[in-house]
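Per numbering that gives the first Met the number 0: the sequence shown = residues 0 to 112. Where is the CB? At the ideal position from N, CA and C, for every residue including glycine. Step one of this worksheet: look at the structure below.
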Amino acid sequence: MAISKMTRRRGKEPKIMVAEPLLTVLLAKDNGHYCAKCPELDLVTELPTAAAALEDLIEAIRDYAKEYLRDRDRYATSPNRAHHLPYIEAIAACKTDWELRTLIEIKHGLVHV
Numbered sequence: 000m001a002i003s004k005m006t007r008r009r010g011k012e013p014k015i016m017v018a019e020p021l022l023t024v025l026l027a028k029d030n031g032h033y034c035a036k037c038p039e040l041d042l043v044t045e046l047p048t049a050a051a052a053l054e055d056l057i058e059a060i061r062d063y064a065k066e067y068l069r070d071r072d073r074y075a076t077s078p079n080r081a082h083h084l085p086y087i088e089a090i091a092a093c094k095t096d097w098e099l100r101t102l103i104e105i106k107h108g109l110v111h112v
């Protein structure tokens with residue numbers, strides 16, 4: 000593994016920190032389209048490529064978190080949305096898409112009917 004000159008000068012071995020995933024994304028192929036689903040938040044997208052489906056779902060996750068926080072009183076008391084609050088708070092704490100991606104575990108599969 001190549002180590003940067005800066006790291007070698009400090010005499011330190013680089014460490015990669017990995018967070019425990021908080022959210023799951025199920026990415027499945029179905030008849031030439033790709034479905035991305037986040038079961039914890041009940042969000043789904045379907046697009047022609049896996050990358051597009053994943054990007055769209057990440058955008059949907061961010062948008063949903065913003066909407067939830069704007070109308071927190073209603074969502075937090077809703078029987079099917081109240082349990083989303085810990086996820087929403089974690090998503091809102093992410094300043095970048097990279098930080099959000101560290102909360103996500105992606106599982107690949109096929110749609111079976």
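Let me know the secondary structure DSSP gives residue i once reduced to three states.
| i | result |
| --- | --- |
| residue 99 | helix |
| residue 11 | coil |
| residue 32 | strand |
| residue 40 | coil |
| residue 21 | coil |
| residue 111 | coil |
Under the assumption that residue i contacts residue j (Cβ atoms under 8 Å), give the Cβ distance between them as a whole number of angstroms.
| i | j | result |
| --- | --- | --- |
| residue 33 | residue 23 | So it is not a contact: roughly 16 Å between Cβ atoms. |
| residue 102 | residue 93 | 7 Å |
| residue 50 | residue 44 | So it is not a contact: roughly 12 Å between Cβ atoms. |
| residue 42 | residue 105 | Going by Cβ atoms, the distance from residue 42 to residue 105 rounds to 14 Å, so no, they are not a contact pair. |
| residue 57 | residue 96 | 6 Å |
| residue 80 | residue 74 | 5 Å |
| residue 55 | residue 68 | No, residue 55 and residue 68 are not in contact; Cβ-Cβ is about 21 Å, not under 8 Å. |
Let me check understanding here. Comparing Cα to Cα, which of the options lies closest to residue i?
| i | options | result |
| --- | --- | --- |
| residue 91 | 62, 46 and 27 | 62 |
| residue 88 | 35, 28 and 40 | 40 |
| residue 107 | 73, 31 and 36 | 36 |
Distance, Cα to Cα, residue i vs residue j?
| i | j | result |
| --- | --- | --- |
| residue 11 | residue 110 | 46 Å |
| residue 18 | residue 99 | 11 Å |
| residue 78 | residue 13 | 45 Å |
| residue 64 | residue 20 | 17 Å |
### Task
With a floor of 4 residues, list each alpha helix (DSSP H) that falls wholly inside the stretch 46-102, ordered by position along the chain.
You should have 49-69, 71-75, 84-92 and 96-100.
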